[in-house]
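A.B. asks: Residue numbers (this note's numbering): 509 to 739.
(1) Throw me the rounded Cβ distance for the residue 588 and residue 561 pair, which I believe falls under 8 Å.
(2) What is the DSSP secondary structure of residue 573, counted as helix, strand or coil?
(3) May I have a chain-ordered list of the alpha helix (DSSP H) segments no shorter than 4 residues that lie completely inside the stretch 552 to 635?
(4) Rounded to the nearest angstrom, what separates residue 568 and residue 689 at their Cα positions?
(5) CA-CA distance, residue 700 and residue 563?
(6) Mark residue 553 as exposed unless 16 or more other C-beta atoms lie within 10 angstroms of its C-beta, in which case mark it buried.
(7) Between the alpha carbons of residue 572 and residue 605, how many angstroms are there, rounded?
(8) According to DSSP, simplified to helix, strand and coil, what is residue 637?
(9) Buried or exposed: residue 713, going by 16 or more other Cβ atoms within 10 Å of its Cβ?
(10) Cβ of residue 699 less than 8 Å from any chain D Cβ?
(11) Please report the straight-line C-alpha distance between residue 599 and residue 583, rounded to a whole angstrom.
(12) Can you tell which of 660, 719, 724, 642 has the C-alpha that lies nearest to the C-alpha of residue 527?
(13) Applying the criterion that 16 or more other CB atoms from any shown protein chain within 10 Å of the CB defines a buried residue, is residue 664 buried or exposed?
(14) Could you check what DSSP says for residue 645 in three-state terms: helix, strand or coil?
(15) Rounding to the nearest angstrom, what Cα-Cα distance links residue 543 and residue 621 in this structure?
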């Protein structure tokens with residue numbers, strides 16, 4: 509199948525007539541760009557699901573005081589970090605309840621540690637793919653710059669071989685340089701934007717997790733105080 513419009517385009521012709529090294533650089537930059545876009549699209553869906561499920565779980569959290577019911581409901585919101593934090597806290601609470609005697613300070617310290625470990629794990633999970641975006645954003649322009657330098661070197665090499673500096677002799681090397689520069693920017697710009705955007709989303713979720721841990725501990729403390737008064 510042929511695509512006449514594509515084949516006649518200037519950009520396509522520049523890529524087609526590029527040298528082996530330039531094509532190698534363009535392949536690397538294309539792969540970096542494709543993977544970056546895959547990560548960006550995936551993270552968009554992930555954070556949207558996290559936001560929606562987290563909001564629904566918090567509504568249930570504040571509407572009921574029954575921890576068992578809340579635990580059952582939390583399983584329906586597995587994408588939400590705060591839901592998973594609650595599940596880890598409830599599991600730890602059940603372990604301590606089976607022990608019979610519970611020393612308040614030790615119990616709260618252990619519960620806090622359990623929730624913070626889960627929060628740390630979720631924080632790392634939220635950052636998946638961001639390191640690659642940062643790497644592409646930082647390195648793609650330099651990979652493109654390498655292709656640019658290589659194209660200019662090729663242009664001067666052709667001038668030296670043919671002894672002339674006509675546009676026809678210089679153009680192939682210069683076109684390689686320009687295409688490499690363009691590909692480097694095309695790969696880097698979305699990666700940088702995506703990294704900054706998702707880093708902000710991660711920090712928001714980190715704050716939400718920290719606030720939830722505080723709210724959860726306050727609820728446990730209030731329950732402990734009520735149980736002490738009822739004795």
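Each residue gets a CB set at the ideal place from its N, CA and C atoms; glycine is no exception.
C.D. replies: Per the coordinate set shown:
(1) For a cut-off of 8 Å, the C-beta gap from residue 588 to residue 561 is around 4 Å, short enough to register as a contact.
(2) Note: residue 573 maps to coil in three-state DSSP.
(3) The stretch 552 to 635 contains these whole alpha helix (DSSP H) runs: 575 to 582, 589 to 607, 612 to 634.
(4) One Cα belongs to residue 568, the other to residue 689, and the distance between them is close to 52 Å.
(5) One C-alpha to the other measures close to 28 Å.
(6) Around the Cβ of residue 553, a 10 Å sphere holds fewer than 16 other Cβ atoms; the residue is exposed.
(7) Between the C-alpha atoms of residue 572 and residue 605 there is a straight-line separation of about 20 Å.
(8) Assigned with DSSP and collapsed to three states, residue 637 falls in coil, not helix or strand.
(9) Buried, because 16 or more other Cβ atoms sit within 10 Å of the Cβ of residue 713.
(10) In the displayed structure, chain D is absent; only one protein chain is listed.
(11) For residue 599 and residue 583, the distance between alpha carbons rounds to 13 Å.
(12) Considering only alpha carbons, the answer is 660.
(13) Under the 10 Å beta carbon count, residue 664 is surrounded by fewer than 16 other beta carbons and is classified as exposed.
(14) Helix at residue 645.
(15) For residue 543 and residue 621, the distance between alpha carbons rounds to 36 Å.
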